[in-house]
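Please read the structure below before turning to the comments.
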Amino acid sequence: MGNCHSNKRASNVYKDDDDSNLPSGTITPRFFHISRSIQSINETSKSLDIDFSEEKRLQSLHDYMLNLWQTKFFSPIHQKLVSGAVKVLDVGCGTGAWIIDMANKYPHTKFIGLDVSPIFSNSPLPYNVEFVRADLLKGLPFDDNTFDFVYMSNMVRYLSTKQWEDIVIKELVRVLKPYAFIEVMEGDLTLHNKGPVTTKLHEAFLASMHAKGISPLIETIITRIFQTNPNLTNFNVETKIGYLNMWGGLQNLENGLKIFKSSKKSNLEFMSSTPSEYDAMLETYVKEIEEYNTYCKFYRFYAQKIELPPSPVSFRSSSYINYSSSSTHKNLNHKNSQLLLRSNSTSSKVSSLNNLGHLKNNSLNDLGHFKNNSSHNLSSFKDNSLKKIPSRRNLT
Numbered sequence: 001m002g003n004c005h006s007n008k009r010a011s012n013v014y015k016d017d018d019d020s021n022l023p024s025g026t027i028t029p030r031f032f033h034i035s036r037s038i039q040s041i042n043e044t045s046k047s048l049d050i051d052f053s054e055e056k057r058l059q060s061l062h063d064y065m066l067n068l069w070q071t072k073f074f075s076p077i078h079q080k081l082v083s084g085a086v087k088v089l090d091v092g093c094g095t096g097a098w099i100i101d102m103a104n105k106y107p108h109t110k111f112i113g114l115d116v117s118p119i120f121s122n123s124p125l126p127y128n129v130e131f132v133r134a135d136l137l138k139g140l141p142f143d144d145n146t147f148d149f150v151y152m153s154n155m156v157r158y159l160s161t162k163q164w165e166d167i168v169i170k171e172l173v174r175v176l177k178p179y180a181f182i183e184v185m186e187g188d189l190t191l192h193n194k195g196p197v198t199t200k201l202h203e204a205f206l207a208s209m210h211a212k213g214i215s216p217l218i219e220t221i222i223t224r225i226f227q228t229n230p231n232l233t234n235f236n237v238e239t240k241i242g243y244l245n246m247w248g249g250l251q252n253l254e255n256g257l258k259i260f261k262s263s264k265k266s267n268l269e270f271m272s273s274t275p276s277e278y279d280a281m282l283e284t285y286v287k288e289i290e291e292y293n294t295y296c297k298f299y300r301f302y303a304q305k306i307e308l309p310p311s312p313v314s315f316r317s318s319s320y321i322n323y324s325s326s327s328t329h330k331n332l333n334h335k336n337s338q339l340l341l342r343s344n345s346t347s348s349k350v351s352s353l354n355n356l357g358h359l360k361n362n363s364l365n366d367l368g369h370f371k372n373n374s375s376h377n378l379s380s381f382k383d384n385s386l387k388k389i390p391s392r393r394n395l396t
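All residue numbers for the sequence shown refer to full-length UniProt numbering, where the first residue is 1 and numbers rise by one.
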């Protein structure tokens with residue numbers, strides 16, 4: 001029994017066949033076997049620190065996804081990345097684990113990671129990596145048609161359906177070059193094969209997500225947005241099952257437990273349980289996902305941008321902080337926040353033309369006045385000069 005099943009895979013997907021893809025010290029799902037008792041699993045849940053750092057959680061999630069998919073990306077861009085002279089953007093990059101891995105594998109390609117939180121890796125960066133701190137929801141701080149590949153993952157718990165529809169995908173497509181690829185990787189928030197306690201925890205979690213406008217059905221949302229966007233074509237989706245128990249690996253077990261722990265306060269608003277009862281339910285949850293073989297689904301979507309006439313209005317935020325490899329994260333490049341509208345550019349041009357016309361009129365008036373004064377002065381000079389010249393009669 002394995003831990004994942006592929007629903008659909010495009011024939012041109014690049015696969016990493018070498019073990020260098022996998023994080024050190026991990027076991028691939030294809031050869032993973034349960035060797036731990038329920039008691040030892042329960043001890044694992046008790047030993048997990050409730051303040052388990054977000055950085056470690058994100059790194060653990062990255063390792064799990066690499067094990068699950070066996071490749072770093074789904075889009076058919078391997079040859080382009082090898083050739084270099086291209087730019088890749090990772091939105092919501094977290095610690096930057098994905099782009100650092102990619103940058104080491106494709107040294108001739110420029111990688112930029114963007115996140116609203118400054119939790120970027122403190123390790124020495126590859127020379128072709130740059131971090132930018134900015135808020136996607138306020139507009140990406142890049143011009144239209146900048147990147148050859150735009151990637152985003154694990155943002156389902158932070159974005160509402162309206163934000164996905166009105167801002168997120170539109171911004172990712174805006175900064176993408178024509179004929180380049182956009183890829184999104186997300187996990188569904190729906191759990192399958194749940195025990196009774198897991199069901200209570202999950203229902204409270206979904207209620208708290210719903211209160212924020214977040215839908216658990218991420219596949220439906222992204223599929224609809226991709227397929228209805230006039231700028232996108234060649235849509236593909238790949239699905240895999242990820243088990244939350246030890247079949248899915250320790251990383252996924254820890255990640256699921258961390259999510260329920262971090263959302264404890266908001267979940268309790270939709271439960272009749274006390275905080276101590278909630279903690280006891282988490283211990284039961286770890287046992288139940290093993291007993292019921294609980295799982296969720298993960299998806300990778302990609303599409304290709306087609307070239308269309310530019311929209312009349314395009315905005316981008318220039319409020320960001322740059323963390324480049326050359327500055328070792330210390331030299332911060334601050335820029336003033338501003339909203340750039342093409343309509344403002346048009347107004348500026350009209351204002352400039354009006355000013356130019358006014359300047360030309362004033363210049364012509366000044367020139368006419370100068371010519372009149374010059375003619376008058378010349379005439380006066382001639383008259384005075386003639387009066388001063390003695391007549392020939394007087395000279396003789």
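Backbone N, C-alpha and C define an ideal beta-carbon position, used for all residues, glycine too. Source: prediction; values computed, not measured.
Taking all protein chains shown into account, do 16 or more other C-beta atoms lie within 10 angstroms of the C-beta of SER343, making it buried, or fewer, making it exposed? Start at 1 with the first residue of the sequence shown, and residue 343 comes out as number 343. Low per-residue confidence applies at SER343: pLDDT is 38, beneath 50, and the placement is therefore not dependable enough to give any value.
For PHE301 and MET209, I'd like the C-alpha separation in whole angstroms. Position 301 of the sequence shown, counted from the start, is the residue given in the question as residue 301. Position 209 of the sequence shown, counted from the start, is the residue given in the question as residue 209. The straight-line gap from Cα to Cα measures roughly 22 Å.
Just curious, the beta strand (DSSP E) that GLN70 is in, first and last residue? Mapped onto the sequence shown, residue 70 falls at position 70. Where GLN70 is concerned, there is no enclosing beta strand (DSSP E), given that its DSSP letter is neither H nor E.
Contacting residues, own chain, Cβ-Cβ under 6 Å from ILE218 (five flanking each side not counted): In the sequence shown, counting from the first residue as 1, residue 218 sits at position 218. Scanning its chain for C-beta atoms nearer than 6 Å, with the 5 sequence neighbours on each side dropped, one finds around ILE218 the residues VAL156, GLU186 and ASP188, in chain order.
By how many angstroms is the C-alpha of LYS170 removed from the C-alpha of HIS358? Walking along the sequence shown from the start, residue 358 turns up at place 358. Walking along the sequence shown from the start, residue 170 turns up at place 170. Because the pLDDT at HIS358 is just 49, under 50, the model does not fix this residue reliably, and the point stays unresolved.
Meets three-Cβ-pair contact criterion under 8 Å: the stretch 257-276 and the stretch 195-213: In short, these stretches touch, since the Cβ pair count reaches three.
Does DSSP put ASP144 in a helix, a strand or coil? On the sequence shown, residue 144 is found 144 positions in, with the first residue counted as 1. Secondary structure of ASP144 (DSSP, three-state): coil.
Taking the continuous beta strand (DSSP E) assigned at LYS87, which residues delimit it? Taking the sequence shown and counting its residues from 1, the one referred to as residue 87 is at position 87. Segment 87-91, the beta strand (DSSP E) holding LYS87.
LYS110 versus SER83 - alpha carbon distance: The residue given as residue 110 occupies position 110 in the sequence shown. The residue given as residue 83 occupies position 83 in the sequence shown. Taking the CA atoms as reference points, LYS110 sits about 12 Å from SER83.
Please classify SER153 as buried or exposed, where buried requires at least 16 neighbouring CB atoms within 10 angstroms. Against the sequence shown, residue 153 aligns to sequence position 153. Answer is buried; the Cβ neighbour count reaches 16.
Check the DSSP bridge columns for VAL116 and list the partner residues they point to. To locate residue 116, count along the sequence shown from 1; it is residue 116. The partner list for VAL116 (beta bridge, DSSP) is empty, contrary to what the question assumes.
Counting only the same chain and skipping the five closest in sequence on each side, list residues whose C-beta sits under 6 Å from that of TYR179. Translated into the one-based positions of the sequence shown, residue 179 becomes position 179. Residues of the same chain with their beta carbon placed closer than 6 Å to that of TYR179 are lacking, with the five preceding and five following residues left out of the count.
Span of the alpha helix (DSSP H) holding THR228? Along the sequence shown, read from residue 1 onward, the residue named residue 228 stands at position 228. Element bounds for THR228: 218-228.
How many angstroms separate the CA atom of PHE298 from the CA atom of THR190? In the sequence shown, counting from the first residue as 1, residue 298 sits at position 298. In the sequence shown, counting from the first residue as 1, residue 190 sits at position 190. Going from the Cα of PHE298 to the Cα of THR190 covers about 10 Å.
By Cβ distance below 8 Å, which residues in the same chain neighbour GLN227 in space, the five residues on each side in sequence not counted? Mapped onto the sequence shown, residue 227 falls at position 227. Cβ neighbours of GLN227 beyond the five flanking positions: PHE235.
Start and end residues, alpha helix (DSSP H) containing ARG174: The residue you call residue 174 lines up with position 174 of the sequence shown. 169-174 is the span of the alpha helix (DSSP H), which, as asked, contains ARG174.
Where LYS162 sits in the DSSP three-state scheme: Within the sequence shown, residue 162 is the residue found at index 162, counting from 1. Three-state DSSP puts LYS162 in a helix.
Helix, strand or coil at LEU232 according to DSSP, with G and I counted as helix: The residue labelled residue 232 in the question sits at position 232 within the sequence shown. Of the three classes helix, strand and coil, the one that applies to LEU232 here is strand, per DSSP.
Status (buried if at least 16 other CB within 10 Å, exposed otherwise) for ALA134: Counted from its first residue, the sequence shown places residue 134 at position 134. Looking at its Cβ environment, which holds 16 or more other Cβ atoms inside 10 Å, ALA134 is buried.
Using DSSP with H/G/I as helix, E/B as strand and the rest coil, what is ALA303? By 1-based counting over the sequence shown, the position of residue 303 is 303. ALA303: strand per DSSP, three-state reduction.
What are the boundary residues of the alpha helix (DSSP H) that includes VAL132? On the sequence shown, residue 132 is found 132 positions in, with the first residue counted as 1. Careful: VAL132 lies outside any alpha helix (DSSP H), inside the beta strand (DSSP E) at 129-133.
Classify ALA211: buried if its beta carbon has 16 or more other beta carbons within 10 angstroms, exposed otherwise. Translated into positions along the sequence shown, residue 211 becomes position 211. With a threshold of 16 other beta carbon atoms within 10 Å, ALA211 falls short and is exposed.
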